[in-house]
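Residue numbers (this note's numbering): 0 to 430.
Even glycine gets a Cβ: it sits at the ideal position worked out from N, Cα and C.
In this text, all values refer to a predicted model and were calculated from it rather than measured experimentally.
Read the structure below first, then the notes.
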Amino acid sequence: MNRDKSNALYEKAKNYIPGGVNSPVRAFGSVDKAPIFVDRADGAYIYDIDGNKYLDYISSWGPLIFGHNDPEMIETFKSSLEKGITYGVPSYIEVDMAQEIVKAYPACEMVRMVNSGTEATMSAIRTARGYTRKDKLIKFEGCYHGHSDCLLVKSGSGTLTFNAPTSLGVPEDVIKDTIVCTFNDIESVKSAINQNKDQIAAIIIEGVPGNMGVVPPCPDFLKQLRKLTKDEGILLILDEVITGFRIAYGGVSEVYGIEPDMVCFGKIIGGGLPVGAYGGKREIMQVVSPLGGVYQAGTLSGNPLAMHMGLKTLQRLRENPSIYSDLEAKAIKLEQGFKKNLSDLGLNYTITRVKSMISFFFAEGEIANYQDVQKSDTDKYGEFFRFMLNKGILLPPAQFEGLFVNTAITDEELEYTIMCHKEALRAIHNI
0 MNRDKSNALY EKAKNYIPGG VNSPVRAFGS VDKAPIFVDR ADGAYIYDID GNKYLDYISS
60 WGPLIFGHND PEMIETFKSS LEKGITYGVP SYIEVDMAQE IVKAYPACEM VRMVNSGTEA
120 TMSAIRTARG YTRKDKLIKF EGCYHGHSDC LLVKSGSGTL TFNAPTSLGV PEDVIKDTIV
180 CTFNDIESVK SAINQNKDQI AAIIIEGVPG NMGVVPPCPD FLKQLRKLTK DEGILLILDE
240 VITGFRIAYG GVSEVYGIEP DMVCFGKIIG GGLPVGAYGG KREIMQVVSP LGGVYQAGTL
300 SGNPLAMHMG LKTLQRLREN PSIYSDLEAK AIKLEQGFKK NLSDLGLNYT ITRVKSMISF
360 FFAEGEIANY QDVQKSDTDK YGEFFRFMLN KGILLPPAQF EGLFVNTAIT DEELEYTIMC
420 HKEALRAIHN I
C-alpha cells in the first residue's frame with residue numbers, strides 16, 4: 000500500500016507541529032514509522048491523501064457512533080451553522096442539552112458544559128475540593144482523565160504507550176495530594192483511605208478503563224467502591240468521557256448499577272465536535288461560579304454547534320435503544336471471531352470486551368489492572384497493526400487503546416476483519 004504522500008506530509012508537519020501531530024497517539028510512534036493523513040471519510044471508512052481506503056475502528060476515539068458523514072448529523076450541523084457559529088451569551092440549545100443529560104443520569108441534577116474531557120475532569124476535581132474543603136484525591140493506575148497536571152500520575156493513553164507514566168513539567172507539589180491505587184483492588188483503596196483519614200475530597204475513576212485498553216471491572220468492584228466512599232464521606236467522580244452514552248444510554252452508571260456523586264462527559268455528547276461536561280448532585284454543583292466560589296469558565300463552553308450535534312446524537316440514541324444491542328452484537332462477533340482464530344492457531348492472547356468496546360492484548364492471562372496490561376508485547380501489536388493497515392483496516396495505533404465499532408460497519412466488514420486478523424496472526428508467528 001503506497002503512502003508516499005502521507006510520509007512526505009508527515010516530514011513537513013514535523014517542521015511546524017511538535018512531533019507532526021496535535022495529539023501524541025496520532026504519530027503512530029509505537030506501531031509504525033509515520034501516520035496516515037486523512038483526506039476525507041464516509042460511513043465506515045477513512046480515505047488518506049494517497050487514495051487508500053481504510054475500514055475505521057477508531058471512530059475518532061469513540062464519538063462517531065453513527066460512523067463518518069452520517070446524513071442526519073451532517074444535516075444537523077448545516078442547520079445549526081446557518082443560525083451562527085458562536086454567540087458568547089446563552090442560547091436555548093444549552094438548556095436542552097443539559098436537560099437531556101440530566102434525564103439520562105440520575106446522579107446529575109445539574110450539569111456544566113465545557114470544551115473537552117480534560118476540562119471536565121479538571122473542573123470536577125476543583126468542584127469536589129471546593130465542596131469538601133479537602134485537597135487529597137485518589138485515582139487508579141492506568142486510568143486516564145486528561146492531561147491536567149494533578150492527574151498525570153500513572154495515567155493511561157499515550158503516557159502508557161510511551162512508558163511515561165508521569166509528564167515532565169508537572170511540579171511535585173502539584174501531585175503531592177494525588178494518591179494512586181490499583182484498579183479492581185478494593186483493599187488498596189481501603190489502605191489509602193486509612194492512611195489519609197478525613198483528608199480525601201474525592202475518588203475519580205474510569206468505571207471501564209479505555210485508555211490502557213478495555214479493562215472490565217471485576218464483579219462488585221464498583222459497588223464496593225461506591226459503598227466505601229459513602230461510608231467515608233468521600234465524593235465518587237465517575238469519568239464517563241469514553242463510556243458515557245457509548246456502552247449504554249446511561250453509561251457505566253446504568254450497566255453496573257451505581258450512582259456516583261459526580262460524572263464527567265465528553266466525546267459522544269458533542270457528536271464529533273469538541274465538547275466536555277461535568278455534573279452532579281445539586282448541592283455539589285451549586286458551589287460552581289456564579290452560584291458559589293469555585294471558578295470555572297470558557298469562551299466556547301456550550302457552543303451551539305457542539306450542542307446541536309450532541310443533542311441530536313443523544314436523542315437518536317434515546318429514541319432507538321436497539322442501537323446499543325446492535326453495536327454490542329458487532330463487538331461480540333469480533334470477540335468470538337478473534338477467540339476462534341486464537342484457538343485455531345494455538346495462541347493464548349487475551350481479548351477483553353465491555354458492551355461495544357473491545358481490546359486485543361498481546362498478553363496471556365487475565366487483564367484486570369495496570370500491571371496486567373504492562374505484560375503486553377507492544378512489538379507484536381505493532382506488527383499486527385501494520386499488517387492490518389496494509390489490508391485496509393485502521394486499528395487504534397497503540398496497544399493500549401480500545402476498538403470502537405459504529406453503526407456503519409456491516410457484517411461483511413466484520414467478517415473481513417476477522418479473516419485478516421487470522422492472516423495477521425499467521426504472519427506474525429510464522430504459522
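Pick from the options that is closest to residue i, judged by C-alpha positions
{"i": "G243", "options": "L235, E253, L8", "result": "E253"}
{"i": "L326", "options": "M356, L8, G28, A305", "result": "M356"}
{"i": "H428", "options": "L346, C142, A200", "result": "L346"}
{"i": "Q226", "options": "G256, P208, V152", "result": "Here residue 226 is Lys; the residue named in the question, Gln, does not match the sequence. Of the listed residues, the one whose Cα sits closest to K226 is G256."}
{"i": "L454", "options": "P170, I174, D134, F384", "result": "This structure does not reach residue 454, given that the chain is present from 0 up to 430, and the question cannot be answered."}
{"i": "T416", "options": "A426, A407, G391, T351", "result": "G391"}
{"i": "K82", "options": "F383, F399, H307", "result": "H307"}
{"i": "S122", "options": "L313, L341, V372, Y294", "result": "Y294"}
{"i": "E99", "options": "K133, S190, G249", "result": "G249"}
{"i": "F438", "options": "I35, R425, I192, S190", "result": "This structure gives no information on residue 438, because the portion of the chain shown stretches from 0 to 430."}
{"i": "I268", "options": "D176, Y91, F384, L63", "result": "L63"}
{"i": "G381", "options": "G364, T409, L402, A423", "result": "A423"}
{"i": "T431", "options": "I202, L413, D184, L167", "result": "The requested residue 431 is not part of the displayed model; the chain covers only 0 to 430."}
{"i": "V240", "options": "G232, F264, L224, I246", "result": "F264"}
{"i": "D238", "options": "L272, I322, P89, Y104", "result": "Y104"}
{"i": "A305", "options": "M0, K13, T85", "result": "T85"}
{"i": "R315", "options": "L341, A247, P89", "result": "A247"}
{"i": "N195", "options": "L224, I233, D219", "result": "I233"}
{"i": "L394", "options": "K339, Y53, N21, A33", "result": "Y53"}
{"i": "Y130", "options": "R281, G401, V20", "result": "R281"}
Strand pairing of residue i, partner residues [DSSP]
{"i": "E363", "result": "Y348"}
{"i": "R111", "result": "Y277"}
{"i": "C217", "result": "Paired residue(s): none; C217 is not in a bridge."}
{"i": "L393", "result": "D55"}
{"i": "Y46", "result": "R39, K52"}
{"i": "S358", "result": "T351"}
{"i": "M261", "result": "I236, G279"}
{"i": "C180", "result": "F139"}
{"i": "F438", "result": "Within the shown structure, residues of the chain are numbered from 0 to 430, placing residue 438 beyond reach of any answer."}
Buried versus exposed, by CB contacts within 10 Å (16 or more), residue i
{"i": "H420", "result": "buried"}
{"i": "D3", "result": "exposed"}
{"i": "P216", "result": "buried"}
{"i": "E10", "result": "exposed"}
{"i": "S58", "result": "buried"}
{"i": "S5", "result": "buried"}
{"i": "D172", "result": "exposed"}
{"i": "D260", "result": "buried"}
{"i": "D69", "result": "buried"}
{"i": "E93", "result": "buried"}
{"i": "P208", "result": "buried"}
{"i": "E318", "result": "exposed"}
{"i": "M0", "result": "exposed"}
{"i": "M211", "result": "buried"}
{"i": "G275", "result": "buried"}
{"i": "A127", "result": "buried"}
{"i": "G168", "result": "exposed"}
{"i": "V88", "result": "exposed"}
{"i": "Y143", "result": "buried"}
Contacts around residue i, its chain only, beta-carbon distance under 8 Å, and the 5 residues preceding and following it disregarded
{"i": "K311", "result": "E71, M72, T75, G270"}
{"i": "V101", "result": "C107, E108, M109, V110, G278"}
{"i": "H67", "result": "A40, D41, G42, A43, Y44, I45, D55, A407"}
{"i": "K181", "result": "The sequence as given places Thr at residue 181; Lys does not occur at that position. For T181, where only same-chain residues beyond five positions count, the Cβ hits under 8 Å are F139, E140, S187, N368, Y369, Q370."}
{"i": "A8", "result": "Contrary to the premise, residue 8 reads as Leu rather than Ala in this sequence. Around L8: F36, I48."}
{"i": "N51", "result": "M0, N1, R2, I35, G391"}
{"i": "S288", "result": "Y294, Q295, A296"}
{"i": "E334", "result": "I350, R352, I357"}
Near the ligand FMN: residue i beta-carbon under 7 Å from a heavy atom
{"i": "G50", "result": "The ligand FMN is absent from the structure shown, which contains no ligands of any kind."}
Cβ shell of residue i (< 6 Å), same chain only, five flanking positions each side left out
{"i": "I430", "result": "L344"}
{"i": "K374", "result": "A362"}
{"i": "T349", "result": "F360, A362, I366"}
{"i": "A330", "result": "R352, S355, I357, V404"}
{"i": "K332", "result": "L413"}
Own chain residues within Cβ distance below 7 Å of residue i, not counting five before or after
{"i": "H146", "result": "T117"}
{"i": "L221", "result": "G206, Y255, I257"}
{"i": "I137", "result": "I178, C180, V188, A191, I199, I202"}
{"i": "D95", "result": "L310"}
{"i": "A119", "result": "V113, V240, C263, F264, G265, G275, A276, Y277"}
For this session: Tell me the start and end of each unbroken beta strand (DSSP E) in the region 191-257 that is at least 3 residues and wholly inside, in chain order.
Result: Within the region 191-257, the beta strand (DSSP E) runs of at least 3 residues that lie entirely inside it are, in chain order, 199-204, 234-238.
Exercise. Which runs of the beta strand (DSSP E) spanning at least 3 residues fall entirely within the region 127-153, listed in chain order?
Worked result: The region 127-153 contains these whole beta strand (DSSP E) runs: 135-139.
Problem set entry | Those runs of the beta strand (DSSP E) which lie wholly inside the region 286-318 and span at least 3 residues | DSSP runs (the beta strand (DSSP E)) wholly in the region 286-318: none.
Problem set entry | Whole runs of the beta strand (DSSP E) within the region 57-127, excluding any shorter than 3 residues | With a minimum length of 3 residues, the continuous beta strand (DSSP E) runs that stay inside the region 57-127 are 109-113.
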